[in-house]
Amino acid sequence: MADDASFESNADILTSAAQGRLKSFIERIERLEEDKAAVSADLKEVYSEAKGEGFDTKILRKVVRLRKQDKVKRDEEEALIDLYLSAIGGL
Numbered sequence: 021m022a023d024d025a026s027f028e029s030n031a032d033i034l035t036s037a038a039q040g041r042l043k044s045f046i047e048r049i050e051r052l053e054e055d056k057a058a059v060s061a062d063l064k065e066v067y068s069e070a071k072g073e074g075f076d077t078k079i080l081r082k083v084v085r086l087r088k089q090d091k092v093k094r095d096e097e098e099a100l101i102d103l104y105l106s107a108i109g110g111l
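Take the sequence shown: its position 56, counted from the start at 1, is 76 in the working numbering, and no numbers get skipped.
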């Protein structure tokens, strides 16, 4: 392939220090991706366990999301939801 020679000459443009830093970034990203996959699997397992005990996982996820929010922001959101529902005659 004609581009192989071009690629090799472009790789020479990076200093050995830059190559080392690039490799370090890539390896860190790969480790974090592995960690993320492991955490995702752990979360799935916990939600599955909760579901097995009769808890509604959709509601659990919503509770977790709400607990992450600032109380003032959460109160504002709930007030807007109430306002919108009352404006359309809902609930």
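Don't be surprised by glycine CBs; every beta carbon is placed ideally from N, CA and C. Predicted, not measured: the structure shown is a model, and the values here were computed from it.
Check, Outcome
"For G110 and V59, what's the separation of their Cα atoms in angstroms?", "39 Å"
"Could you give the residue range of the alpha helix (DSSP H) that holds F45?", "S36 to G72"
"Measuring only the C-alpha atoms, how far is R51 from A61?", "15 Å"
"With DSSP as the reference, label D90 as helix, strand or coil.", "coil"
"So Y67 and L80 are supposed to be a Cβ contact under 8 Å. How far apart are they, rounded?", "7 Å"
"Excluding the five sequence neighbours on either side, which residues of its own chain have a C-beta within less than 6 Å of the C-beta of A37, listed in chain order?", "none"
"Can you grab the Cα-Cα spacing for the pair A57 / E69, in whole Å?", "18 Å"
"Just the C-alpha distance for K93 and Y104, rounded to the nearest angstrom, thanks.", "16 Å"
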